[in-house]
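Shown next, in structure tokens, is the structure this report addresses.
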Amino acid sequence: MTVDNLKNIFQEYGIAGAGGAGFPSYAKLNEKADTIILNCAECEPLLKVHREVLKNYTYEIMCGLTMLSEAMGNAKCIIAIKPSYKTTVQAVKDQLSAFPNIEIKYLPEIYPAGDEVVTIYEATGRIVPPGSIPISVGCIVYNVETVLNIYRAVSENAPVTHKYVTLTGEVNKTVTLCVPIGTSFSTLIKLAGGATIDDYEIINGGPMTGTIATTSDVVTKTTNALIILPKNHPVVVSKQAKISIGVKRIMASCCQCRSCTELCSRNLLGHPIEPHEIMRAMSSGKVSKPQAIINAAYCSGCGICELYACPQGLHPRTIIAELKAALRQNKVQLPKIEEAPTANPKRDYKLVSKHRLTSRLGLAKYNKAARLDKTDVVADSVKIMFSQHLGAPATPVVKKGDIVSCGQKIAVAETDALSLNIHSSISGKVIQICDQYAVIKGGTTK
Ligand code: SF4
Ligand code: SF4
Numbered sequence: 006m007t008v009d010n011l012k013n014i015f016q017e018y019g020i021a022g023a024g025g026a027g028f029p030s031y032a033k034l035n036e037k038a039d040t041i042i043l044n045c046a047e048c049e050p051l052l053k054v055h056r057e058v059l060k061n062y063t064y065e066i067m068c069g070l071t072m073l074s075e076a077m078g079n080a081k082c083i084i085a086i087k088p089s090y091k092t093t094v095q096a097v098k099d100q101l102s103a104f105p106n107i108e109i110k111y112l113p114e115i116y117p118a119g120d121e122v123v124t125i126y127e128a129t130g131r132i133v134p135p136g137s138i139p140i141s142v143g144c145i146v147y148n149v150e151t152v153l154n155i156y157r158a159v160s161e162n163a164p165v166t167h168k169y170v171t172l173t174g175e176v177n178k179t180v181t182l183c184v185p186i187g188t189s190f191s192t193l194i195k196l197a198g199g200a201t202i203d204d205y206e207i208i209n210g211g212p213m214t215g216t217i218a219t220t221s222d223v224v225t226k227t228t229n230a231l232i233i234l235p236k237n238h239p240v241v242v243s244k245q246a247k248i249s250i251g252v253k254r255i256m257a258s259c260c261q262c263r264s265c266t267e268l269c270s271r272n273l274l275g276h277p278i279e280p281h282e283i284m285r286a287m288s289s290g291k292v293s294k295p296q297a298i299i300n301a302a303y304c305s306g307c308g309i310c311e312l313y314a315c316p317q318g319l320h321p322r323t324i325i326a327e328l329k330a331a332l333r334q335n336k337v338q339l340p341k342i343e344e345a346p347t348a349n350p351k352r353d354y355k356l357v358s359k360h361r362l363t364s365r366l367g368l369a370k371y372n373k374a375a376r377l378d379k380t381d382v383v384a385d386s387v388k389i390m391f392s393q394h395l396g397a398p399a400t401p402v403v404k405k406g407d408i409v410s411c412g413q414k415i416a417v418a419e420t421d422a423l424s425l426n427i428h429s430s431i432s433g434k435v436i437q438i439c440d441q442y443a444v445i446k447g448g449t450t451k
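Just so it is clear: in the sequence shown, position 299 is 304 by this note's numbering, and no numbers are missing.
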């Protein structure tokens, strides 16, 4: 199969990165790649979905990697995983002899080992230049569930209709489930045996990069986990911080200790982001180093500066995110960085242990196994969003009253744009439709 064949299949069957921003997977394919990395870092505390999926579908995922490798002239495949995921590592080792093009690389037990710039460095020693993408160093990175979706699309003509999600925190049963896309978060919480407390907030995603959600929000192609936490939990409180108050707090208490910069995951790989310089400009009202502000564009949003490094409990990441948005809005051109970055020679001593991070965030008591329950989840109704990932939304091709079957295309990708088809995740009747979503009532996934 050629790269162009794969691109068509990925777009037809709606494959986006199963987590994070959800970059449409076809746009990552490139004949120039010499290395394909399966990212099983799963570095945020409490997230378990990828190790569970890889453990349960090892053969399929390794076949998916091989399909990618063959399309790219037998590019080398690396499964990047932490040694502590013992049963998953063993499942991979059991299959390895049948896949000569695949090798295992162990990642350190750090956060953010799953940031693809960090994953590539740890797996290959290569550093993606600031503002560049992995292919600039010959790499393509896909996460575990994305490669499972690739395998199913290529070998079974199966579109993306379901999503693996871990339910954790204040729930009666910590578990990983495979649910129809469009299932409401309230249904997911019920499937986890309900919440153990009345007064809770939902974090959609990991504690470091996730966002506050509501029970009426629904599963999309990028939903990896729901973490149910008390409303007054420090992780929740931090995510609710208001930028206007954050700026005032920086003016009052940033002591310029540099801890945010010393531990910044991108700065440690030689990228020119220095959060303390940005905080200095904010607190003094003087921009003596305009370049430091522009360098906000190189922030990955990992949150180390904000949730781990800052001794004053300030919010550098939140401020930097605002600056990044303003730079994008104003189409500020980033200067080309010619020199290849080099890692900080003291990086090894500054890495953030995931174990320590979990304790520091007050999450250690929730750190339980989240085994994959393969029981078919039936949703009475689903609300399927037409924009579930980076890029342009799909355009609906069904109308109210139509009867649709699971896997049927209900919205088509925008032509000449980064976009993907969207499919129904259950069989049933379209009872509501608009430009943003369709609500389908039915109940079977067949
Ligand atoms: S969030 Fe903070 S620590 Fe992470 S890359 Fe951005 S500035 Fe660095
Ligand atoms: S770690 Fe906190 S106090 Fe120290 S320089 Fe950064 S923002 Fe200021």
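Even for Gly, the Cβ is constructed at its ideal location relative to N, Cα and C. Since the structure is predicted, the reported quantities are computational estimates derived from the model, not experimental observations.
Identify, in the order they occur along the chain, each residue of the same chain with its Cβ nearer than 7 Å to the Cβ of residue i, setting aside the five sequence neighbours on each side.
i, result
"residue 413", "428, 429"
"residue 363", "50, 369, 372"
"residue 2", "This structure cannot speak to residue 2, because the chain is shown only from 6 to 451."
"residue 104", "67, 71"
"residue 177", "197, 198, 199, 201"
"residue 14", "158, 159"
Check for me: the alpha helix (DSSP H) holding residue i runs from which residue to which?
i, result
"residue 57", "54 to 61"
"residue 295", "295 to 299"
"residue 26", "Note, residue 26: premise wrong, no alpha helix (DSSP H); not H, not E."
"residue 128", "121 to 129"
"residue 235", "No alpha helix (DSSP H) holds residue 235; the beta strand (DSSP E) holding it covers 230 to 235."
"residue 182", "Counting along the chain, residue 182 falls outside any alpha helix (DSSP H), though it belongs to the beta strand (DSSP E) covering 180 to 185."
"residue 156", "149 to 161"
"residue 265", "264 to 268"
"residue 286", "280 to 289"
"residue 84", "Looking at the DSSP string, residue 84 is not in any alpha helix (DSSP H); the run it does join, the beta strand (DSSP E), is 81 to 86."
"residue 360", "359 to 365"
"residue 10", "8 to 17"
"residue 92", "91 to 101"
Residues in its own chain within less than 8 Å of residue i by CB, not counting five upstream and five downstream?
i, result
"residue 44", "55, 85, 119, 121, 124, 146, 147, 148, 149"
"residue 99", "63"
"residue 472", "Outside the shown range of the chain (6 to 451) lies residue 472, about which nothing can therefore be said."
"residue 94", "86, 88, 109"
"residue 252", "287, 324"
"residue 79", "106"
"residue 76", "6, 7, 8, 10, 11, 34"
"residue 305", "117, 120, 122, 270, 271"
Following the continuous beta strand (DSSP E) through residue i, name the residue where it begins and the one where it ends.
i, result
"residue 432", "432 to 438"
"residue 382", "Premise fails: residue 382 is in no beta strand (DSSP E) and is neither H nor E."
"residue 205", "205 to 209"
"residue 174", "167 to 174"
"residue 40", "40 to 45"
"residue 331", "From DSSP, residue 331 is part of no beta strand (DSSP E) but of the alpha helix (DSSP H) over 321 to 334."
"residue 196", "That residue, residue 196, is in no beta strand (DSSP E); its alpha helix (DSSP H) goes 190 to 196."
"residue 108", "107 to 111"
"residue 219", "Looking at the DSSP string, residue 219 is not in any beta strand (DSSP E), and its letter there is neither H nor E."
"residue 415", "414 to 417"
Return the chain-ordered list of same chain residues with a C-beta closer than 6 Å to the C-beta of residue i, the five sequence neighbours on each side being excluded.
i, result
"residue 437", "444"
"residue 128", "42, 83, 85, 110"
"residue 116", "48, 357, 359, 362"
"residue 340", "none"
"residue 317", "258"
"residue 191", "220"
"residue 215", "208, 209"
Measure how close the beta-carbons of residue i and residue j come, nearest whole angstrom, since I'm counting them as under 8 Å.
i, j, result
"residue 457", "residue 49", "Nothing can be reported for residue 457: it is not among the residues displayed for the chain, which extend from 6 to 451."
"residue 421", "residue 391", "With a Cβ gap of about 17 Å, residue 421 and residue 391 do not count as contacting."
"residue 346", "residue 132", "5 Å"
"residue 170", "residue 181", "7 Å"
"residue 258", "residue 319", "7 Å"
"residue 244", "residue 283", "Not really, about 20 Å apart at Cβ, beyond 8 Å."
"residue 375", "residue 57", "7 Å"
"residue 81", "residue 39", "7 Å"
"residue 355", "residue 273", "6 Å"
"residue 18", "residue 164", "4 Å"
"residue 386", "residue 329", "About 37 Å; that fails the 8 Å criterion."
For the stretch 273 to 285 and the stretch 301 to 316, state whether three or more C-beta atom pairs, one from each stretch, are separated by less than 8 Å. yes
With three or more C-beta pairs closer than 8 Å as the rule, is the stretch 395 to 404 touching the stretch 198 to 214? no
Taking 8 Å as the cut-off, does the stretch 371 to 387 touch the stretch 404 to 411 (at least 3 CB pairs, one atom from each stretch)? no
Report yes or no: do the stretch 303 to 323 and the stretch 259 to 266 share at least 3 C-beta pairs separated by less than 8 Å? yes
So, does the stretch 18 to 37 touch the stretch 150 to 158, judging by three or more C-beta pairs under 8 Å? As far as the Cβ criterion goes, the stretch 18 to 37 touches the stretch 150 to 158, which means the pair count is three or higher.
Would the stretch 282 to 295 count as touching the stretch 346 to 364 if we require 3 or more Cβ pairs under 8 Å? no
For the stretch 170 to 189 against the stretch 213 to 228, do three or more pairs of beta-carbon atoms, one drawn from each stretch, fall closer than 8 Å, so that the two count as touching? yes
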